[in-house]
Amino acid sequence: MIQQRIDFPRQPTIAYIDSFLKAVRGVLDLSEGEVVLDLSRSTEASSALICFLCGLVDLSLSKKNRVSLVLPRNKRVAEAVRAVQEIVKAEGSGRIRVAERMWQARKITGNNNAVLEEILDLIGGNLPISAEARSSLIVVLTELLTNAIDHSGERSCYVCAGAWGRSRLLHLTILDFGMGIPQKIRTRYPQYEDDVEALKDLLKKGLTTRVGLEGGKGYRYIQEILSHNKGRLHIFSGRAKVVLKYDKGEYRYRQARKAFTGTCVDIQFNLDAAGLGAYVAEAGQGEYF
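In this note's numbering, the protein residues as written are 2 to 290.
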């Protein structure tokens with residue numbers, strides 16, 4: 002039996018997205034073999050890590066591969082990802098649900114907003130979230146889930162939200178293995194041959210692939226909320242890599258060396274900063290839709 006061993010870095014956060022995408026390619030290249038997900042060296046946990054672990058388990062089983070997971074030697078990190086090990090043991094039970102004191106992850110089938118409410122309720126039991134922060138997060142997560150379902154061509158995606166240690170920064174990741182945002186955009190706007198330009202105009206101009214609509218507003222709301230919050234937005238899809246750090250005033254659009262058939266969106270949200278309320282007040286309107 003051919004074995005594909007995937008070694009995760011010491012810090013498997015969104016900053017090391019290339020290691021996650023390489024892992025996806027490695028799993029897709031193997032059928033009827035064994036996939037070993039080795040996190041023994043990892044000293045941190047992240048929402049991106051947990052989303053990709055769940056996704057890699059699903060992909061592996063869909064390729065009829067056996068899956069094993071080596072837990073981190075770091076006990077705190079091992080606690081955060083231990084539930085993923087139970088998913089592996091279940092050999093594709095079809096129900097992905099990672100629950101830990103400060104982390105919640107789900108596989109969502111369809112546009113199911115009730116799951117988003119559940120995730121924030123459970124996290125809020127251990128990590129205080131104000132009413133305004135919760136409202137902001139619901140808007141952001143709802144828009145991201147809608148876009149994941151609309152752009153991917155898939156009916157499912159992986160969602161994880163969590164915080165590390167005593168941090169007041171909540172990290173949110175949504176991952177799917179569909180066609181990717183740039184490819185979906187080209188179904189209506191074939192002139193966008195460059196993936197980076199497609200994502201740039203999606204964010205700056207508002208593009209939608211929905212028939213009968215001229216402009217997508219979802220990412221506009223997400224960007225406005227994160228701008229007031231001094232948060233961060235990362236998008237990786239096709240050959241485009243977008244990193245918008247509103248807390249540092251850094252906005253980068255880059256082309257990846259290899260394409261990712263799918264989309265990963267990662268959000269950093271400051272639970273003690275402004276968000277939706279500040280945006281609505283600045284816009285001078287009672288409604289934002």
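Don't be surprised by glycine CBs; every beta carbon is placed ideally from N, CA and C.
- Residue pairing by DSSP places residue 173 opposite 162, 268 in a beta bridge.
- The criterion of a C-beta distance shorter than 9 Å is not satisfied by residue 219 and residue 156.
- Residue 86 counts as buried, since at least 16 other C-beta atoms from the protein chains shown sit within 10 angstroms of its C-beta.
- Inclusion of residue 223 and residue 140 in the CB contact set at 9 Å is warranted, their separation being smaller than that value.
- Residue 237: member of the beta strand (DSSP E) spanning 233-246, first to last residue.
- By the criterion of at least three beta-carbon pairs nearer than 8 Å, the segment 33-50 is in contact with the segment 160-170.
- In this structure, the beta-carbon distance from residue 178 to residue 56 falls below 9 Å.
- Pairing residue 238 with residue 65, the inter-Cα distance amounts to about 26 Å.
- When the alpha-carbon of residue 121 is set against those of 236, 270, 42, the nearest one is in 270.
- A buried status is given to residue 230, since no fewer than 16 other beta-carbon atoms sit within 10 Å of its beta-carbon.
- Secondary structure of residue 254 (DSSP, three-state): strand.
- Counting other Cβ atoms within 10 Å of its Cβ, residue 225 reaches 16 or more and is therefore classed as buried.
- Around the beta carbon of residue 252, fewer than 16 other beta carbons lie within 10 angstroms, which makes this residue exposed.
- Between the alpha carbons of residue 125 and residue 134 lies a gap of roughly 11 Å.
- Under the three-state reduction of DSSP, residue 111 is assigned to coil, being neither helix nor strand.
- Residue 203 has its alpha-carbon roughly 36 Å from the corresponding atom of residue 127.
- Sorting 281, 60, 123, 254 by C-alpha distance to the C-alpha of residue 221 places 281 at the top.
- When secondary structure is reduced to three states using DSSP, residue 143 falls in the helix class.
- Comparing C-alpha distances from residue 54 to each of 158, 74, 233 shows the shortest one belongs to 158.
- Sequence-distant Cβ neighbours of residue 228 in its own chain, meaning closer than 7 Å and more than five residues away, are 247.
- Rounded to whole angstroms, residue 262 and residue 180 show a C-alpha spacing of 6 Å.
- Sorting 260, 105, 58, 283 by C-alpha distance to the C-alpha of residue 171 places 105 at the top.
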